[in-house]
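Residue numbers (this note's numbering): 34 to 567.
Dropping the structure here:
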């Protein structure tokens, strides 16, 4: 299927609507119709450009008929044959095609010219969507000076600011290679106001290929190129900052649960990454259930997957704490080895149930796509959602720990287990609830990660080290430190990645953290006061 055939149904509807407004009356002269339909490609294209330059929308149906191979020529007369009905191409009146009429054949070059002509004519449509489509099509083709009068008319008639700006940039793009030096100079200066990466490429090509030989114009081209690149650099910088905040939000989600299990409870949980993995697979299961049983509500599956991921991971955490970890409190080495073994068991269990390959978790429609802030900066909706989600989870954890009875008991048991037990606190139950809370938050992190990356048995291994770094760097037991460390490490990592690459960036971040911990072992935010166990 050719490119032209993809657009034919849409273009045909436009041509039919134009035909209804006035048919072929006064659309063409007999000489124009013959010149466009017969002869070699150069002559036909020249005649087509001359007809298009008049800006007559009534030309569109004839151009569409040529694209659809519905035009015949006989004895100097041009006919359009559609659905076995023939009409005169000039008058639009019913006609009989003579015997021996020849079909008009169009090579690829001619088809490209016809498509560009039809797009140019659509610049005058009353529908802004059609005009936008026309501008987009013309931008893909090589606009020459012969079509500039049409573009000039479209600029003067255009009311949409964005389309007018695009048309002006298109005009300057055509003029930058004009034969007149004054036009090239003016076009170079006009292109300097652009914010499009394509314009930077165009200016670079004009300079690098030696296409421009005039020194004055070359100076103007170089100045415009530097200006455009300066604007694009801001988009790149903002993109790096956004990527860093996005990565920091992911690290924050991954580290929040660990901030409870390790920061508040002192448990080195090497299976924390696998609890995130369980949350991601819970999201995968919910997605499939919605796809099979509630396909009409598929876009809402994430809303259900969030509490499911929290509950499933929290339940697995409760089982871990009840069966293994509660017997190892105060024994960090044994806890580390035991949880590492549990992580291997969980990974193998997932491989046995779901397979070793990654599974597909599809974004709902409202998390697909992104918002274009600048010409070279698009913020994906799923990344924006994760940043917002991380903030909501953080606020929820802070309220739970600082403002609820459970949070009071967790802080009391953490600070002085014996005293809490003496005043009637069920410390064993609080341990289970606190560990389940940390595991549930890890499940939320897995749910969020499923929307931006692959879900597989090794998902958690990519984040467990970074999560511990965030908790230790921020300060053990400090939620504020976890936030600052997570976002800070995310931004620093992305800045270094753009400078030295992903692998060296990771190494440099690790070295910086090691040096920092050597100087400040308690992290960014040290625990205030004296230990109750001292």
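C-beta: ideal position from N, C-alpha, C; glycine also.
For the structure I just gave you, are there three or more beta carbon pairs, one from the segment 106–114 and one from the segment 125–135, closer than 8 Å?
yes
Quick one: Cα of residue 551 to Cα of residue 405, how far?
Working through the chain shown from its first residue, we reach residue 551 at position 518. Working through the chain shown from its first residue, we reach residue 405 at position 372. Those two C-alpha atoms are separated by around 43 Å.
So, at 7 Å on beta carbons, what are the nonlocal neighbours of residue 465 in its own chain, with the 5 sequence-adjacent residues on each side left out?
Against the chain shown, residue 465 aligns to sequence position 432. Around residue 465: 351, 354, 355.
Starting from the N-terminal side, write out each stretch of the alpha helix (DSSP H) that is 4 residues or longer and does not extend beyond the segment 433–495.
As far as the segment 433–495 is concerned, its whole alpha helix (DSSP H) runs of at least 4 residues are 438–448, 450–455, 460–482.
Reducing DSSP to helix, strand and coil, say where residue 403 ends up.
As a working note, residue 403 is residue 370 in the chain shown. Residue state for residue 403 is assigned as strand, using DSSP reduced to three classes.
Can the beta-carbon of residue 479 be found closer than 8 Å to that of residue 310?
Position 446 of the chain shown holds residue 479. Position 277 of the chain shown holds residue 310. Here residue 479 is near residue 310, since their CB atoms are less than 8 Å apart.
Would you mind reading off the limits of the beta strand (DSSP E) that contains residue 413?
Walking along the chain shown from the start, residue 413 turns up at place 380. 410–413 is the span of the beta strand (DSSP E), which, as asked, contains residue 413.
Do you know offhand how far residue 472's Cα is from residue 553's?
Looking up residue 472 in the chain shown gives position 439. Looking up residue 553 in the chain shown gives position 520. So the alpha carbons of these two residues sit roughly 29 Å apart.
Rounded C-alpha distance that separates residue 206 from residue 151:
Taking the chain shown and counting its residues from 1, one reaches residue 206 at position 173. Taking the chain shown and counting its residues from 1, one reaches residue 151 at position 118. Cα to Cα, the separation comes out at about 20 Å.
What is the C-beta distance between residue 489 and residue 391, in whole angstroms, given that I count them as a contact (C-beta under 8 Å)?
Here residue 489 refers to the residue found at position 456 when the chain shown is read from its first residue. Here residue 391 refers to the residue found at position 358 when the chain shown is read from its first residue. Right, their Cβ atoms sit about 4 Å apart.
Cβ shell of residue 445 (< 7 Å), same chain only, five flanking positions each side left out
Position 412 of the chain shown holds residue 445. Correct list, in chain order: 453, 458.
Locate the alpha helix (DSSP H) running through residue 201, then write down its first and last residues.
Here residue 201 refers to the residue found at position 168 of the chain shown. Unbroken alpha helix (DSSP H) run through residue 201: 194–208.
Residue nearest to residue 148 in terms of C-alpha spacing, selected from 117, 81, 159:
In the chain shown, counting from the first residue as 1, residue 148 sits at position 115. For residue 148, the nearest C-alpha among the options comes from 81.
For residue 230 and residue 322, the rounded distance between their alpha carbons:
In the chain shown, counting from the first residue as 1, residue 322 sits at position 289. In the chain shown, counting from the first residue as 1, residue 230 sits at position 197. Rounded to the nearest angstrom, the two C-alpha atoms are 43 Å apart.
Check whether the segment 247–254 touches the segment 211–223, taking contact to mean three or more Cβ pairs, one atom from each stretch, closer than 8 Å.
Output reads yes: the segment 211–223 touches the segment 247–254.
Helix, strand or coil for residue 300, going by three-state DSSP, please let me know.
Residue mapping note: residue 300 aligns to position 267 of the chain shown, counting from 1. Note: residue 300 maps to coil in three-state DSSP.
Proximal residues to residue 620 (C-beta, below 8 Å), its chain only, five neighbours per side dropped:
Outside the shown range of the chain (34 to 567) lies residue 620, about which nothing can therefore be said.
What whole-angstrom Cβ distance do residue 265 and residue 141 have, given they're in contact under 8 Å?
The residue labelled residue 265 in the question sits at position 232 within the chain shown. The residue labelled residue 141 in the question sits at position 108 within the chain shown. So it is not a contact: roughly 34 Å between Cβ atoms.
What is the DSSP secondary structure of residue 116, counted as helix, strand or coil?
Numbered from 1 along the chain shown, position 83 holds the residue referred to as residue 116. Coil, per DSSP.
Under 8 Å by Cβ, that's how I've got residue 83 and residue 76 pegged, so tell me the actual separation to the nearest angstrom.
As a first step, residue 83 must be located in the chain shown, where it is residue number 50. As a first step, residue 76 must be located in the chain shown, where it is residue number 43. The Cβ separation is near 11 Å, so there is no contact.
Nearest CA to the CA of residue 384: which residue from 314, 145, 115?
Here residue 384 corresponds to residue number 351 of the chain shown, with the count starting at 1. It is 314 whose Cα lies nearest to the Cα of residue 384.
Quick check on residue 392: does DSSP put it in helix, strand or coil?
Here residue 392 refers to the residue found at position 359 of the chain shown. Three-state result, residue 392: strand.
Alpha-carbon to alpha-carbon, residue 118 and residue 126:
The residue given as residue 126 occupies position 93 in the chain shown. The residue given as residue 118 occupies position 85 in the chain shown. Cα to Cα, the separation comes out at about 11 Å.
Taking Cβ to Cβ, would you say residue 285 is nearer than 8 Å to residue 519?
Along the chain shown, read from residue 1 onward, the residue named residue 285 stands at position 252. Along the chain shown, read from residue 1 onward, the residue named residue 519 stands at position 486. Cβ distance < 8 Å, so residue 285 and residue 519 count as in contact.
Chain-order list of residues whose beta-carbon lies under 6 Å from that of residue 65 (same chain, five-residue window excluded):
Walking along the chain shown from the start, residue 65 turns up at place 32. So the qualifying residues of the chain are 84.
Residues near residue 575 by beta carbon distance below 6 Å, same chain, minus five either side:
Only positions 34 to 567 of the chain appear in the structure, and residue 575 is not among them; the question remains open.
Count the other C-beta atoms from every protein chain shown that fall within 10 angstroms of the C-beta of residue 214, then say buried if there are 16 or more, exposed otherwise.
As a working note, residue 214 is residue 181 in the chain shown. Classification of residue 214: exposed, given that the 10 Å Cβ count is below 16.
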